[in-house]
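In UniProt numbering, the protein residues as written are 1 to 192. Glycine included, every Cβ here is placed at the ideal spot set by N, Cα and C. Step one of this worksheet: look at the structure below.
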Amino acid sequence: IPVDIVKSVTSEIKEKGRVERGWLGVSIEENEEGKVEIIAVEKESPAELAKLKEEDIVLEIEREEIPSTKILVKEIRKRKPGKTITLKIERNGKEIDVKVKLGEYSEKNVRLELESKFPRLFFAPKPPKPPLVPKLRELRKLAKPPEPPEPKMFSWGLGHRKYIGIYLEEINRELSVYFGVKEGRGLLVAKI
């Protein structure tokens, strides 16, 4: 921030308790050609009183070229409310000089601008939504299904070891398809 602006703002705050800034009352954007175009004019604003219109192109302010929206905003805000300025605009291909008496950039507008740029400073974050409580029917679905019946034990003798235990289950239709059992019958070793 340039020193002269800091000094100006500091002295104004000391004198008046706030900073007064000029206000035109337009929304602007850079068009396809890179020129500053008015896209909206606020009701009862200095711009409306001066008969500025949507689609007007702002070329100069006080004979200084305006190459960007940032420059126009800066030039308007550094001027005092009540000051009459001359804007050179282009309307329907013709250049026109328009005199505008600047209004005061209100505290309401300052707040709206700050809120849009820094929403976290003005709006508390929304609390997280509490987890949904599942319905009883859904809880029942989540409950552990009953254990399948313990498979029958099959064992046989092997030499010096008396028995080896194998738990077998009869293959159901889905398992026979999965394992490719053609006749659909068989046993599955479930546990050893």
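Original post:
Would you call the CB atoms of Lys35 and Ile57 closer than 8 Å?
Top reply: yes
**OP:** Can you say whether Leu112 is buried or exposed, counting buried as having 16 or more other CB atoms within 10 angstroms of its CB?
**Re:** exposed
Original post:
Could you give the uninterrupted runs of the alpha helix (DSSP H) lying entirely in the region 50 to 94, keeping only those of 4 residues or more?
Top reply: 69 to 77
Subject >> Beta-carbon proximity list for Ile76, same chain, < 6 Å, skipping 5 on both sides >> reply: Gly22, Leu24
**OP:** Just the C-alpha distance for Gly186 and Ile166, rounded to the nearest angstrom, thanks.
**Re:** 15 Å
**OP:** Give me the Cβ distance between Lys88 and Leu59, rounded to the nearest whole Å; I'm assuming they're in contact under 8 Å.
**Re:** 5 Å
Original post:
Going along the chain, which residues of its own chain have a beta-carbon closer than 8 Å to the beta-carbon of Glu95, five neighbours each way excluded?
Top reply: Leu59, Lys88, Ile89
Original post:
What are the start and end residues of the alpha helix (DSSP H) that includes Glu174?
Top reply: 173 to 179
Original post:
So what does Glu170 bridge to, in DSSP terms?
Top reply: Leu187
**OP:** With DSSP collapsed to three states, give me the class of Lys108.
**Re:** helix
**OP:** Would you kindly check if the distance between the Cβ of Ile66 and the Cβ of Lys53 is under 8 Å?
**Re:** no
Original post:
Grouping DSSP H, G and I as helix and E and B as strand, with all else coil, what is Ser27?
Top reply: strand
Original post:
Starting from Val41 and walking both ways along the beta strand (DSSP E), at which residues does that stretch end?
Top reply: 36 to 41
**OP:** Go through its chain and collect everything with a Cβ distance to Gly171's Cβ below 8 Å, but skip five positions before and after it.
**Re:** The residue you asked about is not Gly; residue 171 is Ile in the sequence shown. Only Phe179, Val181, Gly184, Arg185, Gly186, Leu187, Leu188 meet the Cβ criterion.
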